[in-house]
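*Asks:*
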Amino acid sequence: MEVSELLSRARNWDKQAIAKLISLIEDGVELPISVERRSHIIGITGPPGSGKSTLIYALVRKLPANKRIAVITLDPSSPFTGGSFMGNRIRMQELTTKPNVYIRSMATRGNRGGLNYAAVASLDLLEYAGADYIIIETVGAGQTDTDVKYVADTILVLVPPLSGDEIQALKSGIMEIGDIYLVSKSDTQASESVYNDLMAMVDIMREIKGDEWKPMVLRVSGLYGYGVDELIRVLDERFAELRSRGKLNETLKTRRLLEWRLYAYELLNKAIERSKELSERVANGELTPAKAALALLGNEMPRLDHVAVAVKNLDEAAEKFRKLGLRVSGPITIESQGVRVMMVHLGNTRIELLEPLGPETTVAKFIERRGEGIHHIALEVDDLGKFMEMARNAGLTLTGEPTRGAEGVVTFIHPKSLNGMLLELVEHVRES
Ligand SMILES: Nc1nc2c(ncn2[C@@H]2O[C@H](COP(=O)(O)OP(=O)(O)O)[C@@H](O)[C@H]2O)c(=O)[nH]1
Ligand SMILES: [Mg+2]
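Numbering follows our numbering, in which position 264 of the sequence shown is assigned residue number 265; successive positions increment by one, without gaps.
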């Protein structure tokens, strides 16, 4: 089935279509979706065994049957999908047969933050499919597992009955990110002191963080359903408020950024795995780790920095490239070289458009002599001094000492000494 057909089915909450599309996302396919915020995205985090899955079960059962509910669990031991062998697993799996409930367990692939690219990209799809609630279960095990804050409108942190020391340990990481702290397993005796501890913690944090930060502390028992109605009421109220204050789109921005970052991580990881030759050269000490990292990103030196084209009318030329769907930046004027410049951005290099500032400039004379066309090509080198020395040793003529350009230091190799090619050498100034 075509992606477009699947998408229109997903729009009607066809769970099979949603499942297929998420599998495509997991294969790295980017779906043509533009997101409009509509779902309350609720992150549920807490240490393993704190009762997250059980609470989700209780929540989903109590949410109205006319609401579309999606659950994404990044918990490898999720009882919803058969990952664990606990007694109530069968009962919990029954949720998946409800037509309004879609549950998906996803691999974390060892990524930081518990979330991976596919999980984040799936939010776009689920929102497009009209989910009213999207619940994400992440295993909050430490400081780095907090990416969920970039996608969730509301974060629930579950704190099970713990000793004082254990609570101290929790505070260092996930205790910072909660919107609502839930004392889980509140059917047990030990939960009372946790409640008091959390209230005290929230008071202290509020003093530090100011009034903007007003987390709540509630008691719940997923197992017996205590406090779940109250939690739903609080969640719905909060969502209405976030929506009316325009906060949903702020989360969308941080979500896009996270999705981008996670996709890049995955590409990078794959590239590292594939780069047998590079890794050998690093291991042997042939290539420094830093240079190899640049090479991995397609920035092995020297690289083609740009191809420069002399044009009579810069704006007209730029317009043609824009019409080809390319991004054009500039113009900037470089008096010392007598040109006005725009850059056309390509994958890993650029086309530089040069318009002469006046009839006496070298570019004007070039156009007069040879017409419009390729004027020079530019190589980026990582050590200009060293490269110039190699050029001199090779008998090539440099046009002069390096000068400061817009992006770094540059010099040229004269075309008479290099088969008619004017070769610019540039060393970019990189932020260190
Ligand atoms: N007494 C009690 N036990 C609970 C409650 N919620 C979960 N549990 C138990 O705690 C264990 C871990 O629960 P689970 O929901 O899988 O935790 P998760 O790892 O955070 O998802 C299971 O044995 C549950 O039966 C609760 O509200 N009260
Ligand atoms: Mg769980």
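No residue lacks a Cβ here, since even glycine has one placed at the ideal position from N, Cα and C.
Have a look at Ser-330 and Lys-324 and give me their C-alpha separation to the nearest angstrom.
*Replies:* The sequence position of residue 330 within the sequence shown is 329, counting from 1. The sequence position of residue 324 within the sequence shown is 323, counting from 1. Approximately 14 Å, taken between the alpha carbons.
*Asks:* Measuring only the C-alpha atoms, how far is Phe-388 from Val-382?
*Replies:* Looking up residue 388 in the sequence shown gives position 387. Looking up residue 382 in the sequence shown gives position 381. So the two alpha carbons sit approximately 7 Å from each other.
*Asks:* Return the residue from the list Pro-33, Glu-27 and Trp-14 that minimises the CA-CA distance to Glu-3.
*Replies:* Mapped onto the sequence shown, residue 3 falls at position 2. It is Pro-33.
*Asks:* At a threshold of 8 Å, does Gly-52 count as lining ligand 1 (C-beta to nearest heavy atom)?
*Replies:* As a first step, residue 52 must be located in the sequence shown, where it is residue number 51. Checking the Cβ of Gly-52 against ligand 1 gives yes.
*Asks:* What beta strand (DSSP E) runs, 3 residues minimum, are completely inside the segment 316-372?
*Replies:* 328-335, 340-346 and 351-357
*Asks:* What residue range does the alpha helix (DSSP H) around Val-121 cover?
*Replies:* For this step, residue 121 is matched to residue 120 along the sequence shown. 118-129 is the extent of the alpha helix (DSSP H) around Val-121.
*Asks:* Please determine if the segment 114-128 and the segment 26-43 are in contact, where contact requires at least 3 C-beta pairs separated by less than 8 Å.
*Replies:* yes
*Asks:* Tell me, please, whether the segment 54-73 touches the segment 214-226 by the rule of three or more beta-carbon pairs shorter than 8 Å.
*Replies:* Short answer: they touch.
*Asks:* What first and last residue would you give for the beta strand (DSSP E) that runs through Met-391?
*Replies:* Here residue 391 refers to the residue found at position 390 of the sequence shown. No beta strand (DSSP E) contains Met-391, which is instead part of the alpha helix (DSSP H) from 385-394.
*Asks:* For ligand 1, any of its heavy atoms closer than 8 Å to the Cβ of Thr-189?
*Replies:* On the sequence shown, position 188 is the one that residue 189 refers to. Correct: Thr-189 has its Cβ closer than 8 Å to ligand 1.
*Asks:* Determine the direct distance from the alpha carbon of His-377 to that of Leu-426, and round the result to whole angstroms.
*Replies:* On the sequence shown, residue 426 is found 425 positions in, with the first residue counted as 1. On the sequence shown, residue 377 is found 376 positions in, with the first residue counted as 1. Answer to the nearest angstrom: the Cα atoms are 10 Å apart.
*Asks:* Please confirm whether any heavy atom of ligand 4 lies closer than 8 Å to the CB of Leu-199.
*Replies:* Questions concerning ligand 4 fall outside what the structure shown contains, since the ligands it does hold are ligand 1 and ligand 2.
*Asks:* In this structure, does DSSP put Ser-194 in helix, strand or coil?
*Replies:* Along the sequence shown, read from residue 1 onward, the residue named residue 194 stands at position 193. Judged by DSSP in its simplified three-state form, Ser-194 adopts helix.
*Asks:* Give me, in chain order, the residues of the same chain whose beta-carbon lies closer than 7 Å to that of Leu-243; leave out the 5 immediate sequence neighbours on both sides.
*Replies:* For the purposes of this step, residue 243 is taken as residue 242 along the sequence shown, with counting starting at 1. So the list reads Asp-154 and Leu-249, once near-sequence residues are dropped.
*Asks:* From the DSSP output, in three-state form, read off Asp-76 for me.
*Replies:* Against the sequence shown, residue 76 aligns to sequence position 75. Coil.
*Asks:* State the Cα-Cα distance for the pair Glu-281 and Leu-268, rounded to the nearest angstrom.
*Replies:* On the sequence shown, residue 281 is found 280 positions in, with the first residue counted as 1. On the sequence shown, residue 268 is found 267 positions in, with the first residue counted as 1. Cα to Cα, the separation comes out at about 20 Å.
*Asks:* Between Leu-380, Leu-385, Glu-428 and Pro-357, which lies nearest to Glu-373 when the distance is taken from Cα to Cα?
*Replies:* The residue given as residue 373 occupies position 372 in the sequence shown. Comparing Cα-Cα distances from Glu-373 to each of Leu-380, Leu-385, Glu-428 and Pro-357, the minimum goes to Pro-357.
*Asks:* Determine the contact status of Gly-47 and Val-203, defining contact as a CB-CB distance below 9 Å.
*Replies:* Taking the sequence shown and counting its residues from 1, the one referred to as residue 47 is at position 46. Taking the sequence shown and counting its residues from 1, the one referred to as residue 203 is at position 202. Contact: no.
*Asks:* Going by Cα to Cα distance, which pick from Trp-14, Leu-297 and Glu-193 is closest to Lys-440?
*Replies:* Lying before the first or after the last residue shown, residue 440 is absent from the chain, which here runs from 2 to 433.
*Asks:* Locate the alpha helix (DSSP H) running through Thr-98, then write down its first and last residues.
*Replies:* Indexing the sequence shown from 1 puts residue 98 at position 97. Neither: Thr-98 is in no alpha helix (DSSP H) and is coded neither H nor E.
*Asks:* Would you call the CB atoms of Ala-108 and Gly-226 closer than 9 Å?
*Replies:* Position 107 of the sequence shown, counting from 1, holds the residue named residue 108. Position 225 of the sequence shown, counting from 1, holds the residue named residue 226. No, Cβ-Cβ distance for Ala-108 and Gly-226 is not below 9 Å.
*Asks:* Below 8 Å on the Cβ atoms is my guess for Leu-423 versus Phe-413; work out the distance and round it to an integer in Å.
*Replies:* Here residue 423 refers to the residue found at position 422 when the sequence shown is read from its first residue. Here residue 413 refers to the residue found at position 412 when the sequence shown is read from its first residue. About 6 Å; that satisfies the 8 Å criterion.
*Asks:* Classify Pro-65: buried if its beta carbon has 16 or more other beta carbons within 10 angstroms, exposed otherwise.
*Replies:* The count along the sequence shown starts at 1 and reaches residue 65 at position 64. Around the beta carbon of Pro-65, fewer than 16 other beta carbons sit within 10 angstroms, so the residue counts as exposed.
*Asks:* Would Ser-40 pass as a contact of Leu-127 if the rule is Cβ separation under 9 Å?
*Replies:* Working through the sequence shown from its first residue, we reach residue 40 at position 39. Working through the sequence shown from its first residue, we reach residue 127 at position 126. A contact, by the Cβ cut-off of 9 Å.
*Asks:* Just the Cα atoms here: how many angstroms apart are His-346 and Thr-255?
*Replies:* Taking the sequence shown and counting its residues from 1, the one referred to as residue 346 is at position 345. Taking the sequence shown and counting its residues from 1, the one referred to as residue 255 is at position 254. In this model, His-346 and Thr-255 are separated by some 26 Å (Cα to Cα).
*Asks:* Residues in its own chain within less than 7 Å of Gly-436 by CB, not counting five upstream and five downstream?
*Replies:* For the chain, the structure presents residues 2 to 433; residue 436 sits outside this window and is missing.
*Asks:* Please determine, among Ser-337, Pro-360, Pro-332 and Gly-348, the residue with the shortest C-alpha to C-alpha distance to Leu-354.
*Replies:* By 1-based counting over the sequence shown, the position of residue 354 is 353. Nearest C-alpha to Leu-354: Pro-332.
*Asks:* From the DSSP output, in three-state form, read off Thr-255 for me.
*Replies:* Locating residue 255 in the sequence shown gives position 254, where the first residue counts as 1. Residue state, collapsed to three classes: helix.
*Asks:* Mapping the DSSP letters down to three states, classify Met-202 as helix, strand or coil.
*Replies:* Taking the sequence shown and counting its residues from 1, the one referred to as residue 202 is at position 201. Collapsing the DSSP output to three states places Met-202 in a helix.
*Asks:* Just to confirm, is the Cβ distance from Val-102 to Val-61 under 9 Å?
*Replies:* Residue mapping note: residue 102 aligns to position 101 of the sequence shown, counting from 1. Residue mapping note: residue 61 aligns to position 60 of the sequence shown, counting from 1. Taking 9 Å as the cut-off, the Cβ atoms of Val-102 and Val-61 count as close.
*Asks:* Tell me the DSSP bridge mates of Tyr-227?
*Replies:* Counting from 1 along the sequence shown, the entry for residue 227 is found at position 226. BP columns for Tyr-227 point to Ser-222.
*Asks:* For a test of your reading of the model: does the CB of Asp-76 fall under 8 Å from any non-hydrogen atom of ligand 1? Yes or no.
*Replies:* Numbered from its first residue, the sequence shown carries residue 76 at position 75. Indeed, a heavy atom of ligand 1 lies less than 8 Å from the Cβ.
*Asks:* Can you have a look at Ala-407 and say buried or exposed, based on whether 16 or more other CB atoms are within 10 angstroms of its CB?
*Replies:* Along the sequence shown, one-based indexing puts residue 407 at 406. So Ala-407 counts as exposed.
*Asks:* Please list the terminal residues of the continuous alpha helix (DSSP H) segment that includes Val-4.
*Replies:* As a first step, residue 4 is located in the sequence shown; it is residue number 3 there, counting from the start. 4-12 is the extent of the alpha helix (DSSP H) around Val-4.
*Asks:* Specify, as a first and last residue, the run of the beta strand (DSSP E) that Glu-425 falls within.
*Replies:* Numbered from its first residue, the sequence shown carries residue 425 at position 424. Run containing Glu-425: 424-429, per the beta strand (DSSP E) assignment.
*Asks:* Can you tell me which of Phe-81, Ser-337 and Gly-339 puts its alpha carbon nearest to the alpha carbon of Ser-106?
*Replies:* Here residue 106 refers to the residue found at position 105 when the sequence shown is read from its first residue. Checked all of Phe-81, Ser-337 and Gly-339; the closest Cα to Ser-106 is Phe-81.
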